[in-house]
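This report concerns only the one structure given below.
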Amino acid sequence: TPEEICLFDFSGNPREADRGFTKPVELPLHGETLRSRADANVVVHAHPPAVLAATLANLDLVPAFGSFNIPANQIAMEGIPIYPRSILISSREIALDMLATMGDHRACVLRGHGITVVGTTLESALLSALNVNTLAQVALEIAKTGLRAVPIPEEDQALVPKVSKFSPDAGWKFYEAKLRRYGFDK
48 TPEEICLFDF SGNPREADRG FTKPVELPLH GETLRSRADA NVVVHAHPPA
98 VLAATLANLD LVPAFGSFNI PANQIAMEGI PIYPRSILIS SREIALDMLA
148 TMGDHRACVL RGHGITVVGT TLESALLSAL NVNTLAQVAL EIAKTGLRAV
198 PIPEEDQALV PKVSKFSPDA GWKFYEAKLR RYGFDK
């Protein structure tokens with residue numbers, strides 16, 4: 048609810064009257080990402096268990112499928128860097144180190160920690176985060192068979208349609224409908 052949201056500046060100072068909120072520990076992750084990425088209006092940082100497990104198992108998130116989930120495939124094709132330190136991104140220095148690993152990619156996996164994803168809209172960033180999680184889930188399912196995910200052949204990859212990384216309408220409508228089905232409104 049709106050009452051549960053408190054705005055802070057990038058230095059951790061409340062932007063409104065003090066209501067007893069404390070500065071988020073990983074605020075530097077968000078602040079430094081927004082400062083350094085002109086293409087980012089939104090930062091999603093999450094801790095999906097599948098991503099945690101996949102990174103700890105040293106599984107690569109590769110474009111192992113095409114038509115199953117085209118946006119996830121596209122993120123994998125772009126490459127998903129892995130930040131190797133399993134620590135809180137709690138200082139400007141650590142955030143800048145993570146961003147050096149992330150480069151201009153829209154997603155970065157934080158080994159044994161989670162993900163950082165950027166987007167121009169909340170919808171695009173959230174959908175990208177969900178798609179990274181899907182890549183991790185698929186990699187884990189394949190690993191259960193004793194195999195590892197391998198990229199689909201380049202000639203097949205060339206046939207996968209390209210979708211705009213910032214056009215989340217169809218995917219977002221799917222999740223909105225799913226939420227409504229379970230009794231959640233916008």
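Our numbering runs 47 ahead of the 1-based position in the sequence shown.
Backbone N, C-alpha and C fix where the C-beta goes; we use that ideal spot for every residue, glycine too.
Just so it is clear, the structure is predicted and the values come from calculations on it, not from any experiment.
When C-alpha distances from phenylalanine 115 are compared across Arg227, Arg228, Ile199 and Thr163, the shortest belongs to Ile199.
In the DSSP assignment, valine 164 falls within the beta strand (DSSP E) that extends over 161-166. Valine 164 is classed as buried because its beta carbon has at least 16 other beta carbons within 10 Å across all chains shown. Here aspartate 56 has Arg62 as same chain residues with Cβ atoms under 7 Å from its own Cβ, once five neighbours each way along the sequence are excluded. Exclusion of the five residues before and after arginine 66 leaves Cys53 as the residues of its chain whose Cβ lies within less than 7 Å of its Cβ.
Remark: C-beta atoms of proline 128 and histidine 152 approach each other more closely than 8 Å. Considering only Asp144, Gly78, Asp107 and Ala93, the residue with the shortest C-alpha distance to leucine 194 is Asp107. Only exposed fits histidine 94, as fewer than 16 other CB atoms lie within 10 angstroms of its CB.
With a contact defined as Cβ atoms closer than 8 Å, asparagine 120 and valine 207 qualify at about 6 Å.
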